[in-house]
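Have a look at the structure below, then the notes.
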Amino acid sequence: MHRGHLVIYLERGGRTLLSWSDDPGVLGLVAEALAGCVRVGTVGALTVQRINGHKALGSAHPVVNALTAAGFHTTPNGLRLRR
């Protein structure tokens, strides 16, 4: 959430991400917060495989850039971040 608005939602297991924003600035803040949760152990390692119903790999959605900037890296299965 950002300023009371839902920006992204990770479905159970963290494989599917739903986004309600295309704003790179907002997505960057939310992606950094998500990465912070992984780094401190609040959330386990994540591999995002789908974004808004489409494969994360090759997606042009701005959330891909935000996740990458926050430390997620590309794997054969999707965008991954470990602790």
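Here the working numbering is used: the first residue of the sequence shown is 106, the next is one more, and so on.
We put the beta carbon where it would ideally sit given N, CA and C, even for glycine.
Open item on the list: Suppose only complete runs of 3+ residues qualify. What are the beta strand (DSSP E) ranges in the region 133-157, listed by chain order?
Closed with: 151-153
TODO: For His107, write down the residues that DSSP places opposite it in a beta bridge.
DONE: Within the sequence shown, numbered from 1, the residue matching residue 107 stands at position 2. According to DSSP, His107 bridges with His110.
Open item on the list: Could you check whether Gly176 and Ala150 sit closer than 8 Å to each other, using their CB atoms as the reference points?
Closed with: Counting from one through the sequence shown, the residue named residue 150 turns up at place 45. Counting from one through the sequence shown, the residue named residue 176 turns up at place 71. No; because the gap between Cβ atoms is not below 8 Å, this pair is not in contact.
Open item on the list: On the DSSP letters alone, give me the boundaries of the beta strand (DSSP E) that Leu184 sits inside.
Closed with: Looking up residue 184 in the sequence shown gives position 79. First-last of the beta strand (DSSP E) with Leu184: 183-186.
Task: N-terminal and C-terminal residue of the alpha helix (DSSP H) that Leu172 is part of - done: As a first step, residue 172 is located in the sequence shown; it is residue number 67 there, counting from the start. Run containing Leu172: 167-174, per the alpha helix (DSSP H) assignment.
Task: Chain-order list of residues whose beta-carbon lies under 7 Å from that of Leu134 (same chain, five-residue window excluded) - done: Indexing the sequence shown from 1 puts residue 134 at position 29. Here the set comprises His107.
Open item on the list: Can you find the residues in the same chain that come closer than 8 Å, C-beta to C-beta, to Ser164, ignoring five residues on each side of it along the sequence?
Closed with: Reading the sequence shown from its first residue, position 59 is the one you call residue 164. So the list reads Ile156, once near-sequence residues are dropped.
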